[in-house]
Amino acid sequence: MPQLFSYSRLETFVGCPRNYYWTYIKGHRGGESIYSYLGTAAHDLVEAMDKGEISNDDAVSRFKEEVDNADMLGLTWITPKSKLNYVECILHYLQFHEASKEPNQRIEDVFAVEIGEIVIWGFIDRWSRDGNTITITDYKTSSKFSAAELEHKKMQLFIYAEALSKYYPEYTIKIRYDMLKYAKVGKTLKPRNEIPMNKEYSEGYVAMEYTEDNRQELCQFVNDTMAQINARDPEDIFTWEMARDPKTSFFCKSLCAHCDKCCCN
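Have a look at this one:
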């Protein structure tokens, strides 16, 4: 029977095998960061707006409450400026986001798809059918991706597209990230708190189509990643290398739940 994986599990390994070791081999999930806590809150609020369950004003008010809750929980920011920029950008999105009115819309839809020797499962934030086109949207509260980062980040969207293509093989599938902290001014993604008042902008989408070439690229990615995971010794931590310097990396210091372990090993 094929192993069951999530995309986040594959991404964890690609990002840092040592993080994968602690999280999935040893089962130490670790604590929450300020970014995971507020990212989840923003994600849930956007979905609630797209379902028509809450208004923009409600979303803004609730997010401010979550920022206060994070402070009370002792979740820390790198600097006061990083907090200001993050909160201002997300609040701008929540204040001005127009709830999706796409036809045949599904939100937080569960899927499972067999790729190579594993079954990948998860939830699609939002997808819809219009004519013979399917559009898949995934919300992101992270910083915008570099070209190098997008080479593996796009695999998440490819997985979603592959899952839906099994049910709708005749449809054109468009995929996109909605970068909540950004808006598009012309063709450039700009932080929302840096957009001048009355300046025209559009949503911060990073979009592409899903093609046969993408399918081959996805299969290669999954197979290569699984081969690398299976080549490690689950009993030997040193076969699971650190991809970053835990003393200097932003990911290690701010996002990874296992930085304290890596500093000692």
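Here the sequence shown stands for residues -15 to 249, numbered as in the working numbering.
C-beta atoms are modelled at their ideal positions from N, C-alpha and C, and glycine is treated no differently.
Bear in mind that the values here come from a model prediction, so they are computed numbers and not experimental data.
Could you name the residues that DSSP lists as bridge partners for residue i?
i        : result
Trp111   : Arg90, Ile120
Glu187   : Ala167
Tyr161   : Asp122, Val190
Gln204   : None, per the DSSP bridge assignment.
Asp219   : Note that residue 219 is Glu in the sequence shown, not Asp. Paired residues: none, contrary to the question.
Phe(-11) : Ile104
Lys174   : Ala167
Taking the straight line between their C-alpha atoms, what separation do you get for residue i and residue j?
i       : j       : result
Lys245  : Ile213  : 20 angstroms
Gly36   : Lys85   : 9 angstroms
Glu201  : Thr172  : 27 angstroms
Trp105  : Glu(-5) : 13 angstroms
Trp61   : Glu196  : 42 angstroms
Leu134  : Val51   : 29 angstroms
Cys248  : Ser112  : For Cys248, the predicted model reports a pLDDT of 48, less than 50, meaning its position is unreliable and no value from the coordinates is stated.
His242  : Arg216  : 19 angstroms
Phe129  : Ala54   : 25 angstroms
Lys177  : Thr119  : The amino acid at residue 177 is misidentified as Lys; the sequence shows Asn. The alpha-carbon atoms of Asn177 and Thr119 are separated by roughly 28 angstroms.
Ala132  : Leu164  : 20 angstroms
Ser17   : Asn88   : 35 angstroms
Arg(-7) : Tyr155  : 28 angstroms
Gly23   : Gly14   : 17 angstroms
Tyr151  : Ile159  : 16 angstroms
Met56   : Arg199  : 45 angstroms
Tyr194  : Ile157  : 6 angstroms
Leu59   : Lys67   : 11 angstroms
Tyr77   : Tyr189  : 13 angstroms
Asn69   : Glu219  : 43 angstroms
Just to confirm my understanding: we take residue i, look at its own chain, exclude 5 residues before and 5 after, and list those with CB closer than 8 angstroms. What are they?
i       : result
Ile102  : Pro(-14), Gln(-13), Leu(-12), Phe(-11), Val206, Met210
Val(-2) : His136, Thr209
Leu75   : Val44, Phe47, Lys48
Tyr(-9) : Ile104, Gly106, Met139, Gln140, Ile143
His27   : Asp109, Tyr123, Thr125
Asp114  : Glu86, Pro87, Asn88
Arg90   : Ile108, Arg110, Trp111, Ser112
Leaving aside the five residues before and after residue i along the sequence, list all residues of the same chain whose C-beta is less than 7 angstroms from its C-beta, in chain order.
i      : result
Ala83  : Met33, Asp34, Gly36
Lys174 : Tyr166, Ala167
Near residue i, which residues of its chain fall below 6 angstroms by C-beta distance, leaving aside the five closest residues on each side in sequence?
i     : result
Asp93 : Ile108
Gln79 : Asn40, Val44
Pro1  : Trp224, Glu225
- Item | Meets three-Cβ-pair contact criterion under 8 angstroms: the stretch 86 to 105 and the stretch 135 to 146 | yes
- Would you check if the stretch 223 to 236 and the stretch 183 to 192 touch, i.e. whether three or more CB-CB distances between them fall below 8 angstroms? With a cut-off of 8 angstroms, the stretch 223 to 236 and the stretch 183 to 192 do not count as touching, because too few Cβ pairs lie within range.
- Query: Does the stretch 228 to 237 touch the stretch 8 to 22, meaning 3 or more C-beta pairs lie closer than 8 angstroms?
  - Reply: no
- Let me know the alpha helix (DSSP H) ranges lying completely inside the stretch -5 to 78, each 4 residues or longer, listed in chain order. 1 to 4, 18 to 34, 40 to 56
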